[in-house]
Structures are given as structure tokens and as C-alpha cells.
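Here the structure comes first, spelled out in C-alpha cells, and everything after it is commentary.
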């Protein structure tokens, strides 16, 4: 297929595809899907080999957010029955992080609900970062605290943060329809502040909110322009009690095409399968590892993920290996650029996210979470034709795969890691 050959060649050269080529990936047929995955896999292996980076979320402050992001279970007015609690103490957060590290995670993502941190919040998170790094040598820490004010990114870096996550989530053209309490430009500004402070920028998207193919391409091109080192790809989990509760728009095949398009546009960055992978990729998760080189281990912010051991088994069974703490993630040219900018996670010396591979993330991934409609039920109607059965199954809302997190951070129960 000429399109895929062209995209592989461009990916190996770090050359930006045309918009038409990116859109064509999203428009491929199911008959072409394995070819798309194989092509994206060639680009993935060039820059990241067969390594999978594990990341672990710690929700420092859950719920009661004043922002109105339509996808979020922690939003203003959310009726989702999630855990709600104020700031974890540094030792509590460190204990939660240790569970993820013990499970194989090399990056801990510290997330707090809210519009953005106060200076006191930054100090609090700084103490938490110090506590985590004292107990876990070589671990990376990514902070995700919302919109940053001047000087806060620098203070987080001084406290030991390696990265900062703030997702663009969707295209600029559709952003106002998703959130009204802040702007797309506000989000871009925060990512730029993190970059300027020498933090590794983590910024991604949420697919499945009713956006068009053009919207998906727009936001991924914007992420490339921002030069994010890590791009979390979230798949909307329509949480009951939020405005997007009935938006079940994704199939496993659609998710794979989206991941492939992201890989082709951002060939040498950490592409992370984030919130919603269990709900929407389902049994196709191992196939997605051929495209993405990073996942979250265990549970998300307010929803449960699959068991941590199941993640590790999946990685091994698919022929991949967990990336060790002593191995750098990013290809050498990106790691060197980050180190030159003063970044803390771009070189082996800092046990960060650079790489010796050939030349080459609201929430640490904005994990939306639960709800939705129900699938068709039985009756005395004639049995559908096989094609109709497949289509119905693909479009059925899988609310049975969604569960609110009731363990780990903010609870007395052991975490899932």
C-alpha cells in the first residue's frame, strides 16, 4: 500500500506527513487494519525497540474541581459517584507511588484536581516529590496540577519534577464545546511554561468525544508543534453523571487507527495508551503495543484499570519487555535536546526518559471515566445476519467494563499495581 510505505519512510526520517496522509490513516478499512498496525510498528521499533514504559498514577486530590470539562468525572456539577478527598500527605503519596514502582513503573504521575495550583500547593507537591525520590532511587516524577502561573514550573523542577502533564485534549476549533471555564490557549500556555522551565512536556488528547477526523488530526499536529516528549492517547470513558455519558463512539479498530495516526505524526515521541484502553481496545490491547511504547499500570484517577499483573502478562505474551529504570526512553536526539534545555529526564545520568535507540501528558493523561447506555437485548425478532451481529457488537456500549476506583490512594485498601 503506497500510503503506508510513504508513512513508514517519513516516520523513519522524522518527517511530518501531510494532513491528507494523516486523514487517510483514519479512513482505512478493516481489511487494511493489520497492514496499518504493521507499518506503525516499524516506526515504533525504529525509535523504541520492543520496550514498554510503565507509568503509575497517584491521585493527590480527587473530585470537587471548579472547572467544567465535559469529559471529566471530577468536574463542577459531576454526579459521578467517585472518591472525593483533599490533598494526600507526602508520606501517603509516597506509599501509593511505591506500589506502582514495585509493579515495574519507572514514572510516577502526581495528579490533583483543580484549575491550577496555588503557590502553597506547589510547595506541598514539591515535598511529595522529594519524599518519593528519597524512597525510590532513579524514579521519574511527572506533575499534573492544571494551569500553571509564572514561576511555578521552575519551582516544580527545582523540587525534583522531571516532567509536567497538561493535555490539549481536543482541537482548538471544538475546545469551547468541551470546556468553557478556560481556553485552549490556556492549555497551550501551560505546556509552553513547562518546556521553558526545562521540564519534559507531556501533552495528549482524548478521543471519542464526538470529534471529527479533522479534529483528531488538528490536535495531533498541534502536539507535534508543541514538541511534546510524551503524548498520552486517552479514549473517553463516558462517566454516568457527566455531559458525555452517552458518547460511546469508539471501536477497537477505530482506537488502533487513531494510535497509528499519532505514531506517524509523532514518530519519535513516547506514545502512551492512557485512560480507556481496557474499555475500548479490550482484547486488542496487545496489538496496540505494536504502535504505542508506553501504558499506565493498574488503576486510573477515578476508574479501575485491569489488574497490574495482567498488564505485565500482556506485555510479556505479546513479545515485549518492560523498560527498566536504568534504560532511557526517548531517542538520543530528543534526550540530548532535553538535557541541553536543562531537563531532568533526558539522559541516563538522571535515570530519565532519554534513549540509546537509533536516532529518533488535566491528569497525567486526563483520564475520563464510567457510564453510558446499554446494548441491545434479546426477544423474538429474527436472528440478525452475521454482518449485522458484528456491527451491533462493535457499537455496543460496554458499561460492564467500567468500575469506579475504590482502592489505592485516598482509601484504606491496597492499590492495584
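Numbering (this note's numbering), first residue to last: 1 to 417.
Glycine residues also receive a C-beta, built at the ideal position from the N, C-alpha and C atoms.
Computed from a predicted model, the values in this text were never measured in an experiment.
- Secondary-structure assignment with DSSP links residue 271 through a beta bridge to 231.
- In this structure, 253 is the residue among 307, 253, 177 with its C-alpha nearest to the C-alpha of residue 33.
- A distance of 8 Å or more separates the beta carbons of residue 123 and residue 174.
- Annotation: the continuous beta strand (DSSP E) that includes residue 144 extends over 140-144.
- Nearest in C-alpha terms to residue 205, of all of 165, 180, 129, is 165.
- Of the candidates 88, 234, 157, 234 places its Cα closest to the Cα of residue 300.
- Burial state of residue 413 is exposed, judged by a 10 Å Cβ sphere holding fewer than 16 other Cβ atoms.
- Burial is judged here by how many other beta carbons sit within 10 angstroms of a residue's own beta carbon; residue 261 has at least 16 and is buried.
- When the beta-carbon positions are compared, residue 266 and residue 231 come within less than 8 Å of each other.
- Looking at the backbone, the Cα of residue 159 and that of residue 126 are separated by about 5 Å.
- Within a 10 Å sphere around the beta-carbon of residue 309 sit fewer than 16 other beta-carbons, which makes this residue exposed.
- Going by DSSP, residue 157 is part of the alpha helix (DSSP H) stretching over 152-158.
- In the three-state reduction of the DSSP assignment, residue 107 falls in the strand class.
- Under the Cβ criterion (8 Å, minimum of three pairs), the region 86-95 counts as touching the region 58-71.
- In this structure, residue 306 sits near residue 278, with a CB-CB distance shorter than 8 Å.
- The beta carbon of residue 133 sits closer than 8 Å to the beta carbons of 139, 141, 160 from its chain, once the five residues preceding and following it are set aside; these are given in chain order.
- For residue 51, the uninterrupted beta strand (DSSP E) segment begins and ends at 51-61.
- Here DSSP, grouped into helix, strand and coil, assigns residue 69 to coil.
- Only residues of its own chain outside the window of five on either side were considered, and among them 71, 170, 178, 236, 244, 247 have a CB closer than 7 Å to the CB of residue 209, listed in chain order.
- Membership of residue 205 in the beta strand (DSSP E) is indicated by the continuous run 205-207.
- By the C-beta density criterion, residue 408 is buried, having at least 16 other C-beta atoms within 10 angstroms.
- By the criterion of at least three beta-carbon pairs nearer than 8 Å, the region 5-15 is in contact with the region 35-55.
- Every alpha helix (DSSP H) stretch that sits fully inside the region 276-317 and reaches 4 residues is listed by chain position as 277-280, 285-288, 308-317.
- Residue 13 holds the alpha-carbon nearest to the alpha-carbon of residue 331 among 3, 13, 131, 181.
- Of the candidates 147, 396, 129, the residue whose Cα lies closest to the Cα of residue 117 is 147.
- A residue is called buried once 16 or more other Cβ atoms fall within 10 Å of its Cβ, and residue 149, having fewer, is exposed.
- Where residue 202 is concerned, the enclosing beta strand (DSSP E) starts and stops at 200-202.
- Nearest to residue 336 by alpha-carbon distance, out of 220, 229, 289, is 229.
- Counting along the chain, the unbroken alpha helix (DSSP H) around residue 102 starts and ends at 90-102.
- DSSP places residue 137 in the coil class of the three-state scheme, outside both helix and strand.
- Between residue 199 and residue 156 the beta-carbon gap is near 7 Å, inside 8 Å, which marks them as a contact.
- Put simply, of 341, 55, 83, 46 the residue whose alpha carbon is nearest the alpha carbon of residue 110 is 55.
- Secondary structure of residue 416 (DSSP, three-state): coil.
- In the DSSP assignment, residue 39 falls within the unbroken alpha helix (DSSP H) covering 33-48.
- Here the C-alpha atom of residue 202 lies approximately 9 Å from the C-alpha atom of residue 195.
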